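*Asks:*
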Amino acid sequence: MKLTKLIPAVALASAMPLVAFAQDAEAAAPAPGFDEFGPYIMTTLLFLIGGFLVMWMAAGFAMLEAGLVRSKNATTQLLKNIVLFSLAAIMYWFIGYALMYPGDAWIIPGIIGSIGTASMEPVGLAAADADLGYASVASDFFFQLMFCATTASIVSGTLAERIKIWPFFVFVIVLTGVIYPIEASWQWGGGFLSEMGFSDFAGSTIVHSAGGWAALAGAIILGPRIGKYKDGKVTAFPGSNLALATLGTFILWLGWFGFNGGSQLAAGTVGDITDVGRIFVNTNMAAAAGSVAALILTQLIYGKIDLTMVLNGALAGLVSITAEPLAPSLFMALIIGGIGGVIVVFAVPMLDKVKIDDVVGAIPVHLICGIWGTIAVPLTNDGTSFGTQLVGIVSIGAFTFIVSLVLWTILKILGGIRVSEEAEITGLDKAELGMEAYPEFYKG
Amino acid sequence: MKLTKLIPAVALASAMPLVAFAQDAEAAAPAPGFDEFGPYIMTTLLFLIGGFLVMWMAAGFAMLEAGLVRSKNATTQLLKNIVLFSLAAIMYWFIGYALMYPGDAWIIPGIIGSIGTASMEPVGLAAADADLGYASVASDFFFQLMFCATTASIVSGTLAERIKIWPFFVFVIVLTGVIYPIEASWQWGGGFLSEMGFSDFAGSTIVHSAGGWAALAGAIILGPRIGKYKDGKVTAFPGSNLALATLGTFILWLGWFGFNGGSQLAAGTVGDITDVGRIFVNTNMAAAAGSVAALILTQLIYGKIDLTMVLNGALAGLVSITAEPLAPSLFMALIIGGIGGVIVVFAVPMLDKVKIDDVVGAIPVHLICGIWGTIAVPLTNDGTSFGTQLVGIVSIGAFTFIVSLVLWTILKILGGIRVSEEAEITGLDKAELGMEAYPEFYKG
Amino acid sequence: MKLTKLIPAVALASAMPLVAFAQDAEAAAPAPGFDEFGPYIMTTLLFLIGGFLVMWMAAGFAMLEAGLVRSKNATTQLLKNIVLFSLAAIMYWFIGYALMYPGDAWIIPGIIGSIGTASMEPVGLAAADADLGYASVASDFFFQLMFCATTASIVSGTLAERIKIWPFFVFVIVLTGVIYPIEASWQWGGGFLSEMGFSDFAGSTIVHSAGGWAALAGAIILGPRIGKYKDGKVTAFPGSNLALATLGTFILWLGWFGFNGGSQLAAGTVGDITDVGRIFVNTNMAAAAGSVAALILTQLIYGKIDLTMVLNGALAGLVSITAEPLAPSLFMALIIGGIGGVIVVFAVPMLDKVKIDDVVGAIPVHLICGIWGTIAVPLTNDGTSFGTQLVGIVSIGAFTFIVSLVLWTILKILGGIRVSEEAEITGLDKAELGMEAYPEFYKG
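Chains as they are written, first to last, in our numbering: chain A, 2 to 445; chain B, 2 to 445; chain C, 2 to 445.
1) Tell me which same chain residues have a C-beta within less than 6 Å of the C-beta of Y181 (chain A), skipping the five on either side of it?
2) Can you name the residues of chain A whose CB is closer than 7 Å to the CB of I418 (chain C)?
3) If I follow the unbroken alpha helix (DSSP H) through L434 (chain C), where does it start and stop?
4) Put V235 (chain C) into one of helix, strand or coil per three-state DSSP.
5) Pick out whichever of C:G104, C:I108, C:F144 and C:V173 has its Cα sitting closest to the Cα of F86 (chain C).
6) I221 (chain C) to A246 (chain B), Cα distance in whole Å?
7) In chain B, which residues lie less than 8 Å from V124 (chain A) when you measure between Cβ atoms?
8) DSSP three-state label for K413 (chain A), please.
9) Say whether chain B places a C-beta atom closer than 9 Å to the C-beta of G240 (chain A).
10) How about S140 (chain B) and A324 (chain B): do their beta carbons lie closer than 9 Å?
11) Please list the partners that A59 (chain B) has in chain C, where partner means a Cβ-to-Cβ separation under 7 Å.
12) Closer than 7 Å by C-beta to D353 (chain B): which residues in its own chain qualify, once you throw out the five before and the five after it? Chain order, please.
13) In chain C, which residues lie with their C-beta within 8 Å of the C-beta of Y443 (chain A)?
14) Distance check for G269 (chain C) and G428 (chain B), CA to CA, integer angstroms please.
15) Run the CB neighbour count on L301 (chain C), radius 10 Å, all protein chains shown included, and call it buried at 16 or more, exposed below.
16) Could you say which of A:I344, A:I306 and A:P326 lies nearest to A432 (chain C) if we only look at CA atoms?
17) Does any residue of chain C have a CB that is nearer than 9 Å to the CB of E162 (chain B)?
18) Please confirm whether E196 (chain A) has its beta-carbon closer than 9 Å to some beta-carbon of chain B.
19) Name the chain C residues whose beta carbon is nearer than 7 Å to that of S200 (chain B)?
20) Less than 9 Å separating the beta-carbons of H367 (chain C) and A218 (chain C)?
21) Beta carbons nearer than 8 Å to chain A: which residues of the region 332 to 345 of chain B have them?
22) Taking all protein chains shown into account, decide if G304 (chain C) is buried (16 or more other Cβ within 10 angstroms of its Cβ) or exposed.
23) Report the residues of the region 305 to 319 of chain A with a CB closer than 8 Å to any CB of chain C, ordered along the chain.
24) Can you find the residues in the same chain that come closer than 6 Å, C-beta to C-beta, to E372 (chain C), ignoring five residues on each side of it along the sequence?
25) F281 (chain A): buried (16+ other C-beta within 10 angstroms of its C-beta) or exposed?
26) Look up R419 (chain B) in the DSSP assignment and give the residues it is bridged to.
27) Just to confirm, is the Cβ distance from G259 (chain A) to F53 (chain A) under 9 Å?
28) Pull the bridge partners of I113 (chain B) from the DSSP assignment, please.
29) Does any C-beta atom of chain A lie closer than 9 Å to the C-beta of M351 (chain B)?
30) How far does the alpha helix (DSSP H) with E325 (chain C) in it extend, from its first residue to its last?
31) Measure the beta-carbon distance from E425 (chain C) to I227 (chain C) and round it to whole angstroms, keeping in mind my assumption that it falls under 8 Å.
32) Looking at chain A, is there any beta carbon in it that lies within less than 9 Å of the beta carbon of N82 (chain C)?
33) Buried or exposed for S421 (chain B), going by 16 or more other Cβ atoms inside 10 Å?
34) Restricting to Cα atoms, I'd like to know which of B:S386, B:I50 and B:T299 is closest to F143 (chain B).
35) Rounded to the nearest angstrom, what separates I376 (chain B) and L335 (chain B) at their Cα positions?
36) How about A32 (chain C): is its C-beta nearer than 9 Å to some C-beta of chain A?
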């Protein structure tokens, strides 16, 4: 205590918040030491850092989508993104987490989890109890919640510029409370896919293609935007703010280090933290390769580089490496991510050919590259097989797609999911919200 | 050293920066081991991570405010935000930190701290000295500084679009150098409020409502914008860039994990890191609940969702949980944050009724919800009482409000704090700075 | 395992991804304990956190530059920034890392490193091998890669609004694959500068002024924008989106904590983490001082505050402290950063006098302040000398400038590096990419 005169005050200050749980002070007295519980502390820290990085991806989706829609729909898109994240946070607590991690209490073993709200360990228990799990329950909940929210974020972009706000929120509630937790439980909750040996490290299928399937179902029921496919021609509706779209992509790229790195689910041994390092560089390499692949391809095919393709190429690389970011060498990560970038360049126009109107390209990026990444796992991971990977892709895809299709149809029947033609032409911001994103800038 | 041929070079490289303090090498020889000092290391890391997250909130305020003002005042708002953060960094070092953490050297015991500049421990001392505090002094300073800066950020939004730039900076200098450090010392520096048992975990009152009181004083002295309240009607001046405002809200939401989580002030035991996890999920839940509460309420009351209310609802939830983010269950966090969201929806029009013109809604969000959060502490924390909470709210509120009122009045007398009517109509960017934020976009 | 019913499921879930490397399970059985390897774990974590913060700086440069160019060139600037980051990631893996860290295998000892691609330790090796380096190879690669990418980011801003896209990418490939790794190897790879005792903690010279020299060479070969210097007058081309520019500055400020703090290259002892804390506060102080210095100076000299100068002042402070963020006291950090801010205010018009057109001010900020910061090292670090610092500045500067000059000239001869006059007037976005950043907003 001899450093500076400030130290004692600092120490005092630190004692203040502790008053909050002073009642536990006695129980906590012989607090488990640092050494023995270092791994618990480090893994909890990994969940918290990984979690806040993935939370940041919600902002990335918001910026990407607000930048890629026309400015007359930007407010609506921003609103949908912050609200879907909020709804996910509530629903995942309310029923999702228990459905996803039922322990031994499955309603239908390996298929449908249990009913209940999530709860954290009581304050002070961890401090007093030496017989703990491998990390704090709350930190695990925090991290897992962010994956649930990401799944919903994926849906929002595809359906932009024409969907009614409230039915979208209802869909998000079911998706984050029920659909995602159930299909994710099959693998991450110890359900039938994990028993089979399916492998999806951080969720190429469980998060990204699931989100993509839900989006595809919505796009089919909803139909394309007015004027998108007319007289056999595809009309491009350029994004209104590419600076925002680029910012969103950078945010997603950053957040993905938490998404994939945190999915190591452990950081307290030399082996685990070294693996997290491998995951970081592979994730980065795949994104870079996807971006460069789209760069070169759009130049070759169209004679001009397409920035939105480059952005989606980076995201495609990220989705592709997500099923197995640990096992590949840097060279294999480059290949896997680069193929993701190639897929996006070809899949976007193909989707237009079948008149599925995906405003931001989420289906090529998340659904198709999610499948590609999952199929690619056995290329680098000996413990997996193409057959099992396919079973995982198909079962999660079929479940998510069919339930989503049914849900969108019900919503359509109940009150409609599409705004009026007039509202769509005016723009959802003015028509539905009465609030423009850029009210002072003249529009072309 | 047998991993790859690169390792030796890496090791060499790592030695390079060490040259910088080679003079301390000998003293440092028997460096305190990792095991014994794990908690010191982890808590220092918590301060650094928490600190950079809260620093990021300065960008969040900048974006939120630049998005909510009219574009003719956006440059000014951006300038104010980056400069206030800079001034806070300098003033908190120059006098703030010593005032706030006087140790045993109070000028007036428990009320006014000591005089002096902050200093870090010398390079190499920590390495050589086994008799250390619980974390590095610099990391603590870094973390605490960010709270001081946040207090100033809150003020800047309320007074937008009409305040003169230099008087605002003078106010910031006094606020960050004197007003905040004094009132914060009462609790976090071990002053009279902490002795009484007042509880404000991360600063609902000490940071947020203090900033709100300073803003309110300014708004009263400054008066409303031209045309805001005319002929008994309230005119809405819509924000010019809601994408920025949404981005700012997401940034603040992200930064708040550092704000509340870092306020645990310790991360090196199982109990502490588990508490940080609880704080993260409660913080997130309160924000989500505030956002959804504002969503539902604006739909019910106005028949249309109001995005800026939803954004402020999320922030209101965050402010509300800040006084006690550790003790509540997830359900209680939802209630506390949700009520924050409700408060904002009702407080914004109420403020307009009394003709207090708060451009971004900082007073409802930070002042009123800060009070609510502080009053709510005894609901979940047995060691506190409503009476003591009220004493804390009133003493910090009265002090900050009165000193701010006096200071704004002095500034008004000395040279005026409000731009000319002409400048206000033209916009501060052109009139005061000669620099528009979006010079190429036509304005409506 | 008695906390809640959720724990067993959580534990199960955590086992899932582990399937991915189950083949290593046996080898990993006696995994090195936490205690002994705590420093390895903490330093790896520092690299990963520092690395993702510096990665985020790529977004900062993108926003800063997109905000400071005219809107007709914003898409191009965004594209260049995401692609240069991607190219850097690939090239640094492909040849850069081996060139920079050759170990004992120099091609020309101390001057030119070795040939080869970078590789990570195999999965599971770290877990099984107790005889490890001081941190994971992949985490080191990740961190170092980000510095390489930053060097390229600096170049992109200066040459905006007139350079052809593909020649720029070719330059980036050579810069990130060859030029940067070679000059950086002289110091950080254990080359001749490090043997001499040159000191550049986090790269004021190695990263920032190197990037600045490459930019200067390009600006000379490329020439100024049409209309910039006409009839002896300098025409200002105001940035089109100052909100983005401010956001970019905040992002860079945030990322710099990783840039400088991570350059401690160790976090597993009390001494190291305490140093990281010192670095954080010094970095912050220098930025604040640079910003305030530019604020005061522009008011005094021009009678009006210039926001872009304040932003560049903050960046100038950051660059200035980067050569020695550890040794200075807070007061010296304020002086060093403040002088950086002063330099920028005077250097920007000086550069215009010699008709070097630097669109974003990267040469004053990164080149000139990089030199200043490197020269200032002996002021606070006894183990260094002005002479040796000058040798480092001159050798890295001469090498980078001359090689860049040659490369830009070759590119000019081969196919030209400048767009047509017509394309420049139309804007690169329409002319080269056929894609506007803000297609719906009327331009003035």
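For every residue, glycine included, the Cβ atom is placed at its ideal position computed from N, Cα and C.
Predicted, not measured: the structure shown is a model, and the values here were computed from it.
*Replies:* The structure says:
1) Around Y181 (chain A): C149 and T152.
2) What I418 (chain C) touches in chain A: nothing, since even the nearest Cβ is about 17 Å away.
3) Secondary structure note for L434 (chain C): it is in no alpha helix (DSSP H), with a DSSP letter that is neither H nor E.
4) In the three-state reduction of the DSSP assignment, V235 (chain C) falls in the strand class.
5) That would be C:V173, whose Cα lies nearest to the Cα of F86 (chain C).
6) C-alpha of I221 (chain C) to C-alpha of A246 (chain B): approximately 40 Å in a straight line.
7) Neighbourhood of V124 (chain A) in chain B, by CB distance below 8 Å: D276, R279, L327 and A328, in chain order.
8) Residue state, collapsed to three classes: helix.
9) Closer than 9 Å: no.
10) By the CB criterion at 9 Å, S140 (chain B) and A324 (chain B) fall outside the cutoff.
11) F251, listed in chain order.
12) Cβ contact annotation for D353 (chain B) (same chain, cutoff 7 Å, sequence separation greater than five): V235, in chain order.
13) F442 and Y443, listed in chain order.
14) Taken atom to atom, the span from the alpha-carbon of G428 (chain B) to that of G269 (chain C) is near 52 Å.
15) Around the C-beta of L301 (chain C), fewer than 16 other C-beta atoms lie within 10 Å, and the residue is accordingly described as exposed.
16) It is A:I306.
17) Answer no: the Cβ-Cβ gap between E162 (chain B) and chain C never drops below 9 Å.
18) Among the CB atoms of chain B, none fall inside 9 Å of the CB of E196 (chain A).
19) One finds nothing in chain C with a Cβ atom closer than 7 Å to the Cβ of S200 (chain B); even the nearest lies about 26 Å away.
20) No, Cβ-Cβ distance for H367 (chain C) and A218 (chain C) is not below 9 Å.
21) Across the region 332 to 345 of chain B, CB contacts with chain A closer than 8 Å involve F332 and L335, in sequence order along the chain.
22) With a threshold of 16 other beta carbon atoms within 10 Å, G304 (chain C) falls short and is exposed.
23) Hits within the stretch, in order: K305, I306, D307, L308, T309, V311, L312 and A315.
24) Just to set this straight, residue 372 (chain C) is Ile in the shown sequence, not Glu. Shown here for I372 (chain C): same chain residues with a beta carbon closer than 6 Å to its own, the five before and five after excluded, namely S210 and I394 in chain order.
25) Classification for F281 (chain A): buried.
26) According to DSSP, R419 (chain B) bridges with B:I164.
27) Taking 9 Å as the cut-off, the beta carbon of G259 (chain A) is found closer than this to the beta carbon of F53 (chain A).
28) B:I109.
29) So no, M351 (chain B) is outside the interface.
30) First-last for E325 (chain C): undefined, no H or E at that position.
31) Yes, they are in contact, since the Cβ atoms of E425 (chain C) and I227 (chain C) sit about 6 Å apart, within 8 Å.
32) So yes, N82 (chain C) belongs to the interface.
33) S421 (chain B) is exposed by the Cβ-count criterion.
34) Nearest option by C-alpha distance: B:I50.
35) The straight-line gap from Cα to Cα measures roughly 16 Å.
36) Unreliable positioning characterises A32 (chain C) in this predicted model, as indicated by a pLDDT of 44, which lies under 50. The coordinate reading is nonetheless provided below. Cβ-Cβ to chain A under 9 Å: yes for A32 (chain C).
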